[in-house]
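Heads up, the thing below is written out as structure tokens.
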Amino acid sequence: MAGKEGAPDSTQSRGTPRLTPKQKDPPVFTSDPSTDKDKTPVMFDQWFLILRKKLVSNTDHFPSDDDKTMYILAHLCGTASSRLMPFIKPDDTTGEAVFKTSKEVLDHLHEQYKDLNEQDVAKEKFNKLEITTGMEFKDFQLEFVRLAGMAKKDKSTWKEEMFKRLPGRLNTICLDKYHDKTVNYNYLCTYVQRHDYQQRKNFVVSQMRKNDAPQGQQNTNPPKNNGGGGGGSPYPPRNQNQSPNPAGSQSRPAS
């Protein structure tokens, strides 16, 4: 009965196959430097991943492989597009292009724009990563995970790598948790984040009290900063983030 709830639509009744759900379209990629300071540039790796997933997941949306090639071209602009044209433009004599398949186009783009030094650069940045003064632990953790992933660091090393970067006071507070074999990286990060918040909260309160003190009672000496909050800014310096209890230290605080 027409209009009855649950009845199949006309396209299904004629046996027309349904297309797969439409996946997200990639942004337009250009290798040209952006002139808009407020616009985040499209990174090639992100663009390439979305594009390839689109072509695979929605392959039934493209009647032919040429349609896939044209879809790729439609999501390129500027220099990235012009550099590809000699390889996909049909020859005036033969009528054939250098690249005959969309896979050849994708392989070419990957060879041209993939940063082959990405892992080495990430390793260098990871080795230099530290918690700077004023940086919240959560922000540090996000960058830590990003670089660890790009550098292909084994996750079994994350706990030690993160702990040895903790500044003085946080390092001391979390020492027992670090040595506890039942505590994994994720739990340790949760523990550190909670104490980082408390340390920063205490620091703000101490600064407010110092500012509210009568003029004659204010301490005019510059605050010492041992990486533990104290009277100075949490956390560095201490040889710019050198832990007092580095990983593998045999000394432990008394219970």
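Following full-length UniProt numbering, the numbering of the sequence shown begins with 1 at its first residue and continues without gaps.
Backbone N, C-alpha and C fix where the C-beta goes; we use that ideal spot for every residue, glycine too.
Here the structure is a predicted model, which means the values were calculated and not measured.
Residues near residue i in its chain [Cβ-Cβ closer than 6 Å; skip 5 each side]
{"i": "D60", "result": "L19 and T20"}
{"i": "I50", "result": "P26"}
Residue from the options whose Cα sits closest to the Cα of residue i
{"i": "E104", "options": "I88, Q23 and S82", "result": "I88"}
{"i": "P90", "options": "S81, K100 and R83", "result": "K100"}
Inter-residue Cα distance where the pair is residue i and residue j
{"i": "C77", "j": "Y187", "result": "45 Å"}
{"i": "P63", "j": "V56", "result": "13 Å"}
{"i": "S206", "j": "G134", "result": "16 Å"}
{"i": "K68", "j": "P41", "result": "24 Å"}
{"i": "P33", "j": "Q112", "result": "16 Å"}
{"i": "M162", "j": "K201", "result": "22 Å"}
{"i": "L166", "j": "R209", "result": "27 Å"}
{"i": "N171", "j": "K164", "result": "8 Å"}
{"i": "E136", "j": "K39", "result": "26 Å"}
{"i": "A97", "j": "L84", "result": "11 Å"}
Per-residue DSSP class, three states only, for residue i
{"i": "F137", "result": "helix"}
{"i": "L129", "result": "coil"}
{"i": "F48", "result": "helix"}
{"i": "L170", "result": "helix"}
{"i": "L76", "result": "strand"}
{"i": "F99", "result": "coil"}
{"i": "F62", "result": "coil"}
Residues near residue i in its chain [Cβ-Cβ closer than 7 Å; skip 5 each side]
{"i": "Q119", "result": "M150, A151 and K152"}
The ligand MN heavy atom lying under 7 Å from the CB of residue i
{"i": "T182", "result": "Ligands are entirely absent from the displayed structure, and the ligand MN is therefore not among its contents."}
Own chain partners of residue i with C-beta closer than 8 Å, once the 5 adjacent residues on each side are dropped
{"i": "Y191", "result": "C174, K177 and V183"}
- Query: Okay, do the region 156–168 and the region 128–148 touch, 3+ Cβ pairs below 8 Å being the bar?
  - Reply: Output reads yes: the region 128–148 touches the region 156–168.
- Task: Report yes or no: do three or more beta-carbon pairs, one from the region 172–180 and one from the region 110–119, lie closer than 8 Å?
- Result: Taking 8 Å as the limit for Cβ pairs, the verdict is that the region 110–119 does not touch the region 172–180.
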